[in-house]
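Participant:
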Amino acid sequence: MTQAEVLPILGEDGSISSLAPLILHVYMLYPESDLDRNNAIDIALRDGAAMALGEAEEFSRFSKLIFKDAPTRTQNGRLCGCLAIQMLRNIKKYGEKKKMKAAFLVSEWVSTQRDSSGRSVSSDANNLQSKMWPKFESVAHLWAAHEILDEVTVRKALFEESNALDRFLKVSAWFQRELTVMQLVANEVPHAVPKRYMSAVTDGSFSINIPDLSDWEIARMREYRNKNAGPPR
Numbered sequence: 000m001t002q003a004e005v006l007p008i009l010g011e012d013g014s015i016s017s018l019a020p021l022i023l024h025v026y027m028l029y030p031e032s033d034l035d036r037n038n039a040i041d042i043a044l045r046d047g048a049a050m051a052l053g054e055a056e057e058f059s060r061f062s063k064l065i066f067k068d069a070p071t072r073t074q075n076g077r078l079c080g081c082l083a084i085q086m087l088r089n090i091k092k093y094g095e096k097k098k099m100k101a102a103f104l105v106s107e108w109v110s111t112q113r114d115s116s117g118r119s120v121s122s123d124a125n126n127l128q129s130k131m132w133p134k135f136e137s138v139a140h141l142w143a144a145h146e147i148l149d150e151v152t153v154r155k156a157l158f159e160e161s162n163a164l165d166r167f168l169k170v171s172a173w174f175q176r177e178l179t180v181m182q183l184v185a186n187e188v189p190h191a192v193p194k195r196y197m198s199a200v201t202d203g204s205f206s207i208n209i210p211d212l213s214d215w216e217i218a219r220m221r222e223y224r225n226k227n228a229g230p231p232r
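With numbering that gives the first Met the number 0, letter number 108 in the sequence shown gets 107, and the count goes up by one each step, no holes.
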């Protein structure tokens, strides 16, 4: 991964930019492409309606209309956010930080879900950890915040309210610190949260609790261990 780059969401005076939600949006969708991010922002500014078209579930109708691959990238980003959370949960439960085990559990959970047409959703653990994760690792802390916060808070954070945006960024900062401390991402995270949000995490004034594994998840992990155990000696 490359050298740390702070998300450009603050103005010259240090205050949060009015474009911060849009900037976060395009960084989360296109973390690896300066060109796509710049194009998205330029189009949004010309259109003047990017925020009004926001939908938390699809992440935005704007991006869906402009970039044909935005829905797929949204889904993949969300899966990587789930993977980041799951790796931290596995460390908490088992003291293990193997990405493949977390990817297996995420994929098992996804297989129980249904899309808008009622069809089962598929997710391949190998593809998640070997192809999706490298693309979204630099913004995994943002997608993890997206996944752990409720839909209303995410909608407000990215499209409506500054207070919700402040919470979204602090939660992102918490995940950024945890993922780096546990060496699940690079020490210098590209697209890092500004220090003003990280300081609340480092001084202990802000923290979150991630849920423990459910009985269903523990059972799935037991199946994974049994399936991948070597032959008895």
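C-beta atoms are modelled at their ideal positions from N, C-alpha and C, and glycine is treated no differently.
According to DSSP, is leucine 148 part of a helix, a strand, or is it coil?
Facilitator: Three-state result, leucine 148: coil.
Participant: Out of Asp12, Lys226, Asn227, Trp142, which one is the CA nearest neighbour of alanine 178?
Facilitator: The residue asked about is misnamed: residue 178 is leucine in this sequence, not alanine. Ranking the options by Cα distance to leucine 178, first place goes to Trp142.
Participant: Quick check: what's the CA-CA separation for glutamate 136 versus methionine 99?
Facilitator: Cα to Cα, the separation comes out at about 15 angstroms.
Participant: My understanding is that leucine 87 touches isoleucine 209, with C-beta atoms under 8 angstroms, so please give their C-beta distance in whole angstroms.
Facilitator: So it is a contact: roughly 6 angstroms between Cβ atoms.
Participant: Is the distance from the Cβ of histidine 140 to the Cβ of phenylalanine 167 below 7 angstroms?
Facilitator: It is not a contact, given that the beta carbons lie outside the stated cut-off.
Participant: Determine the direct distance from the alpha carbon of cysteine 79 to that of leucine 21, and round the result to whole angstroms.
Facilitator: So the two alpha carbons sit approximately 20 angstroms from each other.
Participant: On the DSSP bridge assignment, give the partners of leucine 9 in chain order.
Facilitator: In DSSP, leucine 9 forms a bridge with Ile15.
Participant: When burial is assigned at 16 or more other CB atoms within 10 Å of the CB, is glycine 76 buried or exposed?
Facilitator: Buried.
Participant: Tell me which same chain residues have a C-beta within less than 7 angstroms of the C-beta of valine 25, skipping the five on either side of it?
Facilitator: Correct list, in chain order: Arg36, Ala39, Ile40.
Participant: By Cβ distance below 6 angstroms, which residues in the same chain neighbour leucine 18 in space, the five residues on each side in sequence not counted?
Facilitator: Contacts found: none.
Participant: Cα-Cα, which of Tyr196, Leu157, Ser129 is closest to methionine 27?
Facilitator: When each option's Cα is compared against that of methionine 27, the closest is Leu157.
Participant: Suppose the cutoff is 7 angstroms on Cβ atoms and the five residues either side in sequence are ignored; what does the same chain contact list for aspartate 149 look like?
Facilitator: Around aspartate 149: no qualifying Cβ.
Participant: Alpha carbon to alpha carbon, what distance is there between tryptophan 215 and glutamine 182?
Facilitator: If you take the alpha carbons of glutamine 182 and tryptophan 215, they lie about 27 angstroms apart.
Participant: For the beta strand (DSSP E) containing proline 189, name the first residue and the last one.
Facilitator: First-last of the beta strand (DSSP E) with proline 189: 189-191.
Participant: Given a threshold of 16 other Cβ atoms within 10 Å of its Cβ, counted over all protein chains shown, does arginine 221 qualify as buried or as exposed?
Facilitator: Flag for arginine 221 reads exposed.
Participant: Quick check: what's the CA-CA separation for aspartate 165 versus tyrosine 196?
Facilitator: Cα to Cα, aspartate 165 sits roughly 8 angstroms from tyrosine 196.
Participant: Roughly how many angstroms lie between the CA atoms of leucine 82 and alanine 163, to the nearest whole one?
Facilitator: One C-alpha to the other measures close to 24 angstroms.
Participant: When we look at the beta-carbon of arginine 72 and count the other beta-carbons within 10 Å, is it buried (16 or more) or exposed?
Facilitator: Result: buried.
Participant: Please state the DSSP three-state secondary structure of glutamate 31.
Facilitator: Of the three classes helix, strand and coil, the one that applies to glutamate 31 here is coil, per DSSP.
Participant: CB-CB under 8 angstroms to isoleucine 90, same chain, minus the five flanking residues each way: which ones, in chain order?
Facilitator: So the list reads Lys96, Met181, once near-sequence residues are dropped.
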